[in-house]
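Peer 1:
2 protein chains.
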Amino acid sequence: MAKATIDDVAELAGVSIKTVSRVVNKEPNVRPQTRDKVLAAVAKLDYRPNLSARSLAGNRSYVLGLLYGIPGANYYVIDIQEGVLSICRPQGYDLLIHPCNHRDENLVKEIVNLTHQKGIDGLILTPPLSDNADVIAALLNSKIPFVRVAPTINKEVSLFVETNDWEASYEMTCQLIAMGHERIAFICGHPDHLAVSHRFEGYKAALKKNNIPVRKELVEQGLNSFVSGEQCARKLLAKEPRPTAIFAANDDMAAGVMLVAHQQGIGIPGELSVAGYDDTPVAHQLWPSLTTVRQPVQQMAKKATDLLLKQLRGKDELSSGILSSSLIVRNSTGPAPDA
Amino acid sequence: MAKATIDDVAELAGVSIKTVSRVVNKEPNVRPQTRDKVLAAVAKLDYRPNLSARSLAGNRSYVLGLLYGIPGANYYVIDIQEGVLSICRPQGYDLLIHPCNHRDENLVKEIVNLTHQKGIDGLILTPPLSDNADVIAALLNSKIPFVRVAPTINKEVSLFVETNDWEASYEMTCQLIAMGHERIAFICGHPDHLAVSHRFEGYKAALKKNNIPVRKELVEQGLNSFVSGEQCARKLLAKEPRPTAIFAANDDMAAGVMLVAHQQGIGIPGELSVAGYDDTPVAHQLWPSLTTVRQPVQQMAKKATDLLLKQLRGKDELSSGILSSSLIVRNSTGPAPDA
DNA sequence: ATGAAAGCGCTAACAT
DNA sequence: ATGTTAGCGCTTTCAT
């Protein structure tokens, strides 16, 4: 059986194609009786509206686009994808993924083209694209609906979903302080990821709150990678006196710290406490298991998708949301050795 | 500037829309001079063909679909995605991802519908979908072009790309034997992933080749997860005498083994050698770093995409390919303690 | 080598 | 409540 078209359905049901269209699109003004006839014909012919035709005529494609930077953090991207799909697929939307180099000078053009060419209905932006002012301006200008995940700039210009990085980081640092740590080092995240910078701010605030000076020599600039974590750890562990705790802005870097500590025979958490951020799969596979912060990545993606779909349906008065991260205390942190 | 259409270009270039179409689609029979005029107009107007229209009229969408099972191994999925995108995007194709439950009874219908509705030009299947006979039959029946990654059944019915799991596993086992190990345990992968079963076969073959009996009590059935690795490890490490090496069919399970060994104070590699498979990011973040096998995942994805695109262009005489995996020897394996 | 005309399957205005 | 008529922007015949 060849693919059925709207005409086939209309003929079988003995109505016009417009009526079929009404039924399929759940529009009002169709008698229940007529609707049933049409639905029966649809079922009989296994009719599925052709999306290209729909897109061409109606200017929508039922495809969403997910934009993210490369190289991205794998687990994060996958979590986002799953979150988005779990919401959009039940509502008939599919997902096209578009990882992109956030420093590519043609990025803006590329994204606008993609959206127009494929007739993508709306976009979801994740860091660091959530903070790309050029992209945001272009999308607004082209009136392409979009929602941002964890933006830090121009929050008012679009719907977004965020989490409380600052607070979680503050809390983690306070907890280390409560364990008696004072020489708490921090490894910053990649400078291009503004969202990650909130973590540093939370750390600093907690120290200040507890009257502990923020020592420059205990802060290193990482790049979110395992290797950069290793490098920063070597520098930090060479300081005299050594820090008794190292808080890394993500788990990969924390894993690097742990490796260096192992290599240098520094006991964790006996001699050194290590904390990460993200609760990636590696966090509980490490030995000892890593104390970290769990972000509600999937939930953020779900919420963002929900907002986007509502926006597409013309709902108004939608409001951006914030979802809480939570501390996951495992075995890599403990009382300060000198406490 | 509103979106330019083919008519705008035709008008500006002073030709018919058909000529524009010819130029854009690189068809023959256009005078270089005419072509240049058209290209100039295209550039001036920043014309991009509307894919929906193209799809509707020409029956292709320049969108490929990637099918994979959920829950999938994150790193694997991301690698596949990157590989596919790196090949298809430069050629003007985008990618729609469609993770699916490979045991869902509506799976076949879902996939065929997806393909038809979105007008997807071709599909790439990864394990365990590569081995789903129903899906394969339906795709063949519907004449939907597709390529499979690492299939084990009905290889002859479609193009595919695979790697030498058996050989790599054989080699790894031989290496352990060469280090003096005889009591080498094996943790099998998830039974639904046939591809993983080759790893077990390679292990058995290596033992036999070296006249070491395959002991049933040294083989456990895992589920590809970290937790299942832990469980299997507890069982294996309780045997008397204990195995001196454990070879897990993937890294996550190997990480589980290492955790249990740490907990029980068993030195790695002094008292126990551990080997994994996949070379996931965690492999070099563990302590000690994990000996494993690196699969050419991205390259397989690239090759598969290349084959699919060639197939779409009607090229014939395409042949499936095999790409080699390689042993990555790190610090979790060493001489047998009793050697 | 180039063009004119007829759809692809659907939605949107505008009837009725 | 239902139907009619134009297109959406492109690719295909088939002419020229």
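For the protein sequence lines, the chains are G and D, in the order given.
Quick note: the first sequence uses the numbering used here, first residue 100, plus one each step.
Quick note: the second sequence uses the numbering used here, first residue 100, plus one each step.
Backbone N, C-alpha and C fix where the C-beta goes; we use that ideal spot for every residue, glycine too.
(1) If you run the structure through DSSP and keep just helix, strand and coil, what is G/Q320?
(2) Just checking my contact of D/A267 with D/P342 at CB under 8 Å: how many whole Å lie between their CB atoms?
(3) Apply the 10 Å Cβ neighbour rule to D/L195 and answer buried if 16 or more other Cβ atoms are within range, or exposed otherwise.
(4) Would you call G/A423 buried or exposed, if buried means 16 or more other Cβ atoms sit within 10 Å of its Cβ?
(5) Would D/H289 count as contacting chain G if we go by Cβ distances under 8 Å?
(6) On the criterion of 16 or more Cβ atoms from any shown chain inside 10 Å, does G/K117 qualify as buried, or is it exposed?
(7) Closer than 8 Å, CB to CB, is G/R147 near chain D or not?
(8) Check G/S268 in the structure and name its three-state DSSP category.
(9) Between G/E110 and D/D220, what straight-line distance do the alpha-carbon atoms span, to the nearest angstrom?
(10) Going along chain D in order, which residues have a C-beta closer than 8 Å to the C-beta of G/W386?
(11) Contact criterion: CB-CB distance below 8 Å. Does G/D193 meet it with respect to chain D?
(12) Alpha helix (DSSP H) containing G/L406: first to last residue?
(13) Under three-state DSSP, which class holds G/I427?
(14) Do D/L166 and D/C199 have their CB atoms nearer than 8 Å?
(15) So, does the stretch 223-235 of chain G touch the stretch 245-257 of chain G, judging by three or more C-beta pairs under 8 Å?
(16) In the DSSP assignment, what residue or residues form a beta bridge with G/E261?
(17) For a quick check, are the C-beta atoms of D/A435 and D/H215 less than 8 Å apart?
(18) Name, please, each residue of chain G whose Cβ falls closer than 9 Å to the Cβ of D/F325.
(19) From G/D203 to G/A294, what distance separates their C-alpha atoms?
(20) Can you find the residues in the same chain that come closer than 6 Å, C-beta to C-beta, to G/V260, ignoring five residues on each side of it along the sequence?
(21) Report the residue ranges of all beta strand (DSSP E) runs contained in full by the stretch 284-370 of chain G; include only those spanning at least 3 residues, in chain order.
(22) Of all Cβ atoms in chain G, is any one closer than 8 Å to the Cβ of D/G279?
(23) Smallest Cα separation from D/A451: which of D/G218, D/K208, D/S185?
(24) Can you find the residues in the same chain that come closer than 6 Å, C-beta to C-beta, to D/G413, ignoring five residues on each side of it along the sequence?
(25) Pick helix, strand or coil for D/S151, following the three-state DSSP scheme.
(26) Rounded to whole angstroms, what is the Cα-Cα separation between D/L385 and G/L239?
(27) Determine the DSSP secondary structure at G/D378, reduced to helix, strand or coil.
(28) Which residues in chain D have a C-beta closer than 7 Å to the C-beta of G/G369? List them in chain order.
(29) On the criterion of 16 or more Cβ atoms from any shown chain inside 10 Å, does D/G301 qualify as buried, or is it exposed?
(30) Name the chain D residues whose beta carbon is nearer than 7 Å to that of G/L138?
(31) If you follow the alpha helix (DSSP H) that D/R247 is part of, which residue opens it and which one closes it?
(32) Under the rule that 16 or more other beta-carbon atoms within 10 Å means buried, what is D/M100, buried or exposed?
(33) Out of G/S241, G/V211, G/S257, G/K217, which has the shortest C-alpha to C-alpha gap to G/D230?
(34) Is there a Cβ of chain D sitting closer than 8 Å to that of G/K217, yes or no?
(35) Can you list, in chain order, the residues of its chain whose CB lies under 8 Å from that of G/N158, leaving out five sequence neighbours each side?
(36) D/R153: buried (16+ other C-beta within 10 angstroms of its C-beta) or exposed?
Peer 2: Result, derived from the coordinates:
(1) For this step, residue 320 of chain G is matched to residue 221 along the first sequence. In the structure shown, G/Q320 sits in a strand (DSSP, three-state: E or B).
(2) Your numbering for residue 267 of chain D matches position 168 in the second sequence. Your numbering for residue 342 of chain D matches position 243 in the second sequence. Separation of the CB atoms of D/A267 and D/P342 is rounded to 21 Å, and the pair is thereby denied contact status at 8 Å.
(3) Position 96 of the second sequence, counted from the first residue, corresponds to residue 195 of chain D. Counting the other Cβ atoms within 10 Å of the Cβ of D/L195 gives 16 or more, which makes it buried.
(4) For the purposes of this step, residue 423 of chain G is taken as residue 324 along the first sequence, with counting starting at 1. One point to set straight first is that residue 423 of chain G is Ser, not Ala, in the sequence displayed. Residue environment: G/S423 is assigned as exposed (fewer than 16 neighbouring CB atoms within 10 Å of its CB, all protein chains considered).
(5) Walking along the second sequence from the start, residue 289 of chain D turns up at place 190. No - not a single Cβ of chain G is within 8 Å of the one on D/H289.
(6) One-based indexing of the first sequence puts residue 117 of chain G at position 18. With fewer than 16 other Cβ atoms within 10 Å, it is exposed.
(7) Locating residue 147 of chain G in the first sequence gives position 48, counting from the first residue. Taking Cβ atoms only, chain D reaches closer than 8 Å to G/R147, which makes this a yes.
(8) Here residue 268 of chain G refers to the residue found at position 169 when the first sequence is read from its first residue. The answer is helix: DSSP assigns G/S268 an H, G or I state.
(9) Your numbering for residue 110 of chain G matches position 11 in the first sequence. Your numbering for residue 220 of chain D matches position 121 in the second sequence. Near 29 Å, if we compare the C-alpha coordinates of D/D220 and G/E110.
(10) For this step, residue 386 of chain G is matched to residue 287 along the first sequence. Residues of chain D passing the Cβ test: M357, L358, H361, L385, W386.
(11) Position 94 of the first sequence holds residue 193 of chain G. At least one C-beta of chain D is nearer than 8 Å to the C-beta of G/D193.
(12) For the purposes of this step, residue 406 of chain G is taken as the residue at position 307 of the first sequence. The continuous alpha helix (DSSP H) containing G/L406 extends over residues 396-411.
(13) As a first step, residue 427 of chain G must be located in the first sequence, where it is residue number 328. The DSSP-derived three-state label of G/I427 is strand.
(14) To locate residue 166 of chain D, count along the second sequence from 1; it is residue 67. To locate residue 199 of chain D, count along the second sequence from 1; it is residue 100. Between D/L166 and D/C199, the CB-CB gap stays under 8 Å.
(15) Result yes; three or more Cβ-Cβ pairs closer than 8 Å.
(16) Counting from 1 along the first sequence, the entry for residue 261 of chain G is found at position 162. Note: G/E261 is bridge-paired with G/I421 in the DSSP secondary-structure output.
(17) If you number the second sequence from 1, residue 435 of chain D lands on position 336. If you number the second sequence from 1, residue 215 of chain D lands on position 116. Contact flag unset, no.
(18) As a working mapping, residue 325 of chain D is identified with position 226 in the second sequence. Near D/F325 (Cβ distances below 9 Å), the residues of chain G are P380, H383, Q384.
(19) Counting from 1 along the first sequence, the entry for residue 203 of chain G is found at position 104. Counting from 1 along the first sequence, the entry for residue 294 of chain G is found at position 195. Spanning the two alpha carbons is a distance of roughly 20 Å.
(20) Within the first sequence, the letter at position 161 stands for residue 260 of chain G. Here the set comprises V248, M399, K402, A403, G420.
(21) Counting whole runs of 3 or more residues, the stretch 284-370 of chain G contains the beta strand (DSSP E) stretches 318-320, 344-347.
(22) Looking up residue 279 of chain D in the second sequence gives position 180. No, its Cβ sits nowhere closer than 8 Å to a Cβ of chain G.
(23) What the structure shows of chain D is the stretch from 100 to 438, and residue 451 of chain D is not part of that stretch, so it cannot be assessed.
(24) Counting from 1 along the second sequence, the entry for residue 413 of chain D is found at position 314. Within its own chain, no residue has a Cβ closer than 6 Å to the Cβ of D/G413 once the five positions on either side in sequence are excluded.
(25) Taking the second sequence and counting its residues from 1, one reaches residue 151 of chain D at position 52. Residue state, collapsed to three classes: helix.
(26) As a working note, residue 385 of chain D is residue 286 in the second sequence. As a working note, residue 239 of chain G is residue 140 in the first sequence. Straight-line Cα distance between these residues: approximately 45 Å.
(27) In the first sequence, the residue the question calls residue 378 of chain G occupies position 279. Judged by DSSP in its simplified three-state form, G/D378 adopts coil rather than helix or strand.
(28) Taking the first sequence and counting its residues from 1, the one referred to as residue 369 of chain G is at position 270. Here the premise fails: no neighbours, minimum Cβ distance about 15 Å.
(29) Against the second sequence, residue 301 of chain D aligns to sequence position 202. With 16 or more other CB atoms across the displayed protein chains lying within 10 angstroms of its CB, D/G301 is buried.
(30) Translated into the one-based positions of the first sequence, residue 138 of chain G becomes position 39. In chain D, no part has a C-beta under 7 Å from the C-beta of G/L138; the shortest such distance is about 17 Å.
(31) As a working mapping, residue 247 of chain D is identified with position 148 in the second sequence. Counting along the chain, no alpha helix (DSSP H) covers D/R247; the unbroken beta strand (DSSP E) around it starts and ends at 245-248.
(32) Residue mapping note: residue 100 of chain D aligns to position 1 of the second sequence, counting from 1. Bear in mind that a pLDDT of 49 at D/M100, under 50, signals an unreliable position, so the number given afterwards is only what the model happens to contain. The residue in question, D/M100, is exposed, as its Cβ has fewer than 16 Cβ neighbours within 10 Å.
(33) Stepping through the first sequence from its first residue, residue 230 of chain G is reached at position 131. Of the candidates G/S241, G/V211, G/S257, G/K217, the one whose C-alpha sits nearest the C-alpha of G/D230 is G/S257.
(34) Residue mapping note: residue 217 of chain G aligns to position 118 of the first sequence, counting from 1. For G/K217, the answer is yes, since a Cβ of chain D falls inside 8 Å of its Cβ.
(35) For the purposes of this step, residue 158 of chain G is taken as the residue at position 59 of the first sequence. Cβ neighbours of G/N158 beyond the five flanking positions: G218.
(36) Walking along the second sequence from the start, residue 153 of chain D turns up at place 54. Within a 10 Å sphere around the beta-carbon of D/R153 sit 16 or more other beta-carbons, which makes this residue buried.
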